[in-house]
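Protein chains in written order, with our numbering: chain A, 30 to 584; chain B, 30 to 584. For each residue, glycine too, the CB sits at the ideal point set by N, CA and C.
Number of protein chains: 2
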Amino acid sequence: MSTKKKRVLILGGGFGGVYAAVHLQKLLSPQELEGIEIALVSRENYMVFQPLLPEVISGSVELNHVITPIRRMAPKAYLHTREVESVDPHQRVVTLSAGIDRLPLPLTYDHLVIAMGTQLDYSRIPGMREHAHPFKYLGDALYLRNQLVHVLECAEAESDPELRRRLLTFVVAGGGFSGVECIAEMNDFLREAIRAYHTISESDLRIILLQRGDRILPELTESLAAFAHRLLVKRGVAIPLGAGLKAVSADAAVIEDKKTGAEESIATRTTIATIPAGPHALIASLPFKQDKGRIVVDQQTEVPDWPGVWALGDCAAIQQVDGHTSPPTAQHALRQARTCAENIVASFRSQPKKIFQFTGLGKMGSLGRRSAVAEVFGIRLKGLIAWLFWRGVYVTKFPGLDGQVRLIADWILDAFLPRDITQLRLFHEEAVHREHFEAGETVFATGDFGDKVYFIVKGEATVERDGATVATLKNGDVCGEVALISNHPRNATVRAATALDTVVVSREAFQELLGCLPGMSRTMQELMRERLGRPLDLHEEMKNPVPAPARAPKE
Amino acid sequence: MSTKKKRVLILGGGFGGVYAAVHLQKLLSPQELEGIEIALVSRENYMVFQPLLPEVISGSVELNHVITPIRRMAPKAYLHTREVESVDPHQRVVTLSAGIDRLPLPLTYDHLVIAMGTQLDYSRIPGMREHAHPFKYLGDALYLRNQLVHVLECAEAESDPELRRRLLTFVVAGGGFSGVECIAEMNDFLREAIRAYHTISESDLRIILLQRGDRILPELTESLAAFAHRLLVKRGVAIPLGAGLKAVSADAAVIEDKKTGAEESIATRTTIATIPAGPHALIASLPFKQDKGRIVVDQQTEVPDWPGVWALGDCAAIQQVDGHTSPPTAQHALRQARTCAENIVASFRSQPKKIFQFTGLGKMGSLGRRSAVAEVFGIRLKGLIAWLFWRGVYVTKFPGLDGQVRLIADWILDAFLPRDITQLRLFHEEAVHREHFEAGETVFATGDFGDKVYFIVKGEATVERDGATVATLKNGDVCGEVALISNHPRNATVRAATALDTVVVSREAFQELLGCLPGMSRTMQELMRERLGRPLDLHEEMKNPVPAPARAPKE
């Protein structure tokens, strides 16, 4: 070929982006495809079928059966599994993050389709980024499943009633579809799983759904929402209405009563936030007109004044023919993708463009164990019939016959076989991470095994020995290094005096860094001399074995 | 109850440990169990059915279908999911690692069963710990599967032929059962998976099995091993006999010819070592008589001179009735567990003890896609019939009817549906880790995106600018920090002058630490002033945006 190929560049591997590629490869003839490259940029090489994500928590559906390889869905598209680093609509160049060759990849385009969805917005609630589990991506569902088994394992072995209660309390913030489906599956899973544990009974579980508004599922008709509320309560979920998440720490979820403003701290190790989605950071930097962080497009899904730039899905604001702005749901993204693909093909062929006609089919949500609510074409369904309808719709919507077969096989096996309670420890704390403490919370206590060192970034902490405060720590101070260097248990209790933000380094990373970071070893020597009142050979100290544990053997 | 319970404490959650608990709970009457606690210590809350682990690589069996929850197998036992920290056979106390309460847990015992298996021995080969993937635990199989998809994703987008070749080369070291089964499944998976990629063809794949000896599968009769060898070669696996692994780096596997001693470097990003198992570090510290790191026990599986201490499985050396030392296989561990459980019950009841009578049933190994080799009761099977036999044996041996049903369902679906090529990015490099380079290898090159900073622990490296060496770095030196602090691409090439060991800190962790580690910021300021010839405001520099990429856009 003498002429260079034109490129349609699609950003985003969710429903919108992937189906735009699927429709483009269907609509373009083989001859046209010789002159046009469809390129798709996605962080992952699979598309997540979001509606089934909650079922991964309970294990009704296998983790890798809620995803589909993008390469199989859109075999004629060219997939880049990288991040988008920047978009320059003036030069018509998109730059992708460095790949295995450590070089960023700039790509020019003729048409650009922006379908990047939303990003999590952690900024509004202190401690949310550090300690709340999100529930948006595939990894989140797997993480959550393992966290549930992890706390059961810990609670089984724990004799301190306060710590047990904290372990066996689960908080989900957000009473929309996402929060309700998530807590329903968690509740089902936990109540079945505890049968395999000796010391945990159903009454030990506290499963709490927080909803700031007057009722759950505000997206639905009131009678269906009330049905869902009653069912969840009957199945053991507590739903304190009018209560919003105020702060999160490793040990608690702080909630605030919407009316009285009263705060309450719920002791828990597991807070899940179906976090308010914010605009994508990259999109905010673009010169297109925006509405609440969404790119405003015309009814043909094209960005006004920027011919060849299109946007769709959750990151786009499209006015529907009924006058409403199209809501951020999968069914809308799917139809926008089709309209967008048709219009891109039309502009290649110099044909007239189409208008986005879809206004929505209905809404439905699963409530776990053989129950759901649905509102379709004005008809309201609830309970078993809604649940069968729910499953029927999603299995037919699932991309690919092989995926549908796997899904059905999972559902059949799930109906007969016990739930899996294995804990896959694939996740572990980052060697360097952040932790947030609320005022009064314990950072560590005298006698604890020294597993981490804390660097204070913001707030104040007190050091207590024998019940008396011996020092106050603030921004720039370090604590917890003595137990890591000397290998003795913690010799003091450190407590947050105010809300406290820290950077935390794990024992292993700290010892590795101490050995090789220029300046660190020297500073630590000085600090230890000051604190212990004697000079110290760091490397000799670290080699000392851990002394015998302080408490008596369990007999 | 007025008297305290006696405790049988079992260490290890593999076949040996779990089946010892299973037999004990069966053999002891409910009355006896009121006075005897069976306690089992396992790092994980599941038992891995090891023979099926290779099938997880190819996806014929789902990851969580090769494991069984220990709590369901041994419901009457008390499971501790912790690490064993120390064993004191004089005081009869075992101390477990700190749990969620950050306190170690000491446990007394009346009978101790040691079934801790073996540990990986990384010490013999430079770079093995840093860059070779082991293949022993469940996580290894999942990691490997994702690594295969990862390199395919990278190779698909890569135009540099040298880097492509490195990405598409796969090395497995070790031609025993474990290495053969692993490479067979890898080979099957890769050859099917590449059909979904545009730029990768079968002839691009190089899949290499290294075997130091004269033939693969030395455990088997020669004719069966020869059959396996021919089949693997026919399916595209290269098997250079007499070649052993000498060193591993991120970019290569160095192999050594056993006879000539000649070394060759195979450019690859994926080296799997079916690593020689070494004795468990904890076992080496115990006062029991040992044979090559295994605890010597009598034919009743009890440790001589230590009544009430038992050992079995891969960590025990048991003389069989035929005079051989019992080999480290699952079938032997299972039978030893039964003998051990019977003898513990006999000692509670003051009855005579039994002798371990089992001498082995045979050996078999899978070769992937509908072929296997087996040698049972002197009968030799190969090909399809051996494969059917292999599957039949393992499905009946799999613990629990539910597990067997899941396994059969997976096998049925696998026969008809395409293989899953999704990449679950659950693994990422530790923020602080080690990397090994062989002499001549590039640490980073001018123009690269700066993703890491390197601290040299051992060896020497040269810094090159415009083709000339401008500096030599050695132990205690740091390199790569300029690009991380200034956000510019690498301004020099750093190359290993000798074998080089480094501690590596990721961009994110480095920037976090720079902000909060006392002494580090000061030292880095000094270093940067020295290197750049001007003072620097670290925090201002880090905020600067990444400059436009150096290369022209792809059109």
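Three-state secondary structure (DSSP) of residue i
i: residue 315/A; result: coil
i: residue 552/A; result: helix
i: residue 258/A; result: helix
i: residue 579/B; result: Unreliable placement is indicated for residue 579/B, whose pLDDT of 48 sits below 50; the coordinate value is still reported in the next sentence. If DSSP states are grouped into helix, strand and coil, residue 579/B belongs with coil.
i: residue 69/A; result: strand
i: residue 403/B; result: strand
i: residue 115/A; result: strand
i: residue 44/B; result: helix
i: residue 83/B; result: helix
i: residue 52/B; result: helix
i: residue 528/A; result: coil
i: residue 543/A; result: helix
i: residue 227/A; result: coil
i: residue 77/B; result: strand
i: residue 213/B; result: helix
Per-residue burial, residue i [other beta carbons within 10 Å of its own, 16 or more giving buried]
i: residue 180/B; result: buried
i: residue 469/A; result: exposed
i: residue 94/B; result: buried
i: residue 18/B; result: As displayed, chain B neither begins before 30 nor continues past 584, which places residue 18/B out of reach and without an answer.
i: residue 372/B; result: buried
i: residue 198/B; result: buried
i: residue 534/B; result: buried
i: residue 119/B; result: exposed
i: residue 449/A; result: buried
i: residue 386/B; result: exposed
i: residue 355/B; result: buried
i: residue 578/B; result: Because the pLDDT at residue 578/B is just 44, under 50, the model does not fix this residue reliably, and the point stays unresolved.
i: residue 379/B; result: exposed
i: residue 31/A; result: Bear in mind that a pLDDT of 43 at residue 31/A, under 50, signals an unreliable position, so the model cannot answer this.
i: residue 504/A; result: exposed
i: residue 502/B; result: buried
i: residue 51/B; result: buried
i: residue 259/B; result: exposed
i: residue 69/A; result: buried
i: residue 466/B; result: buried
i: residue 182/A; result: buried
i: residue 100/B; result: buried
Cβ-Cβ separation, residue j to residue i (assumed contact under 8 Å), whole Å
i: residue 238/A; j: residue 212/A; result: 5 Å
i: residue 472/A; j: residue 523/A; result: 4 Å
i: residue 155/A; j: residue 401/A; result: The Cβ separation is near 35 Å, so there is no contact.
i: residue 322/A; j: residue 307/A; result: 6 Å
i: residue 273/A; j: residue 288/A; result: So it is not a contact: roughly 11 Å between Cβ atoms.
i: residue 193/A; j: residue 184/A; result: 5 Å
i: residue 142/B; j: residue 42/B; result: The Cβ separation is near 12 Å, so there is no contact.
i: residue 439/B; j: residue 91/B; result: 6 Å
i: residue 124/A; j: residue 98/B; result: About 47 Å separates the two Cβ atoms, so there is no contact after all.
i: residue 390/B; j: residue 405/B; result: 6 Å
i: residue 521/B; j: residue 492/B; result: 5 Å
| said: For the region 134 to 150 of chain B, list every residue whose C-beta sits within 7 Å of some C-beta in chain A, in sequence order. | reply: 134, 135, 136 and 137
| Which whole runs of the beta strand (DSSP E) in the region 294 to 374 of chain B are 3 residues long or more, in chain order? | 299 to 302, 323 to 326, 338 to 340 and 345 to 347
| When Cβ atoms are compared, which residues of the region 74 to 101 of chain B fall closer than 7 Å to chain A? | 74, 75, 91, 93, 96, 98, 100 and 101
| Can you list, in chain order, the stretches of the alpha helix (DSSP H) that have 4 or more residues and sit fully within the region 128 to 195 of chain B? | 157 to 160 and 167 to 186
| Taking the runs of the beta strand (DSSP E) that are 3 residues or longer, which of them lie wholly in the region 495 to 522 of chain B? | 497 to 502
| query | Using Cβ-Cβ distances below 8 Å, what residues of the region 44 to 55 of chain B are close to chain A? | reply | none
| Segments assigned alpha helix (DSSP H), at least 4 residues, entirely inside the region 262 to 296 of chain A | none
| message | Any C-beta of chain B within less than 8 Å: which residues of the region 220 to 246 of chain A qualify? | response | 225, 226 and 227
| said: Which complete beta strand (DSSP E) runs does the region 401 to 464 of chain B hold, if anything under 3 residues is left out? | reply: 401 to 405 and 408 to 412
| Which of the residues in the region 474 to 496 of chain A, read from start to end, lie with their CB under 9 Å from any CB of chain B? | 474, 476, 477, 478, 479, 480, 484, 485 and 486
| said: Please list, in chain order, the residues of the region 326 to 341 of chain A that have any C-beta partner in chain B closer than 9 Å. | reply: none
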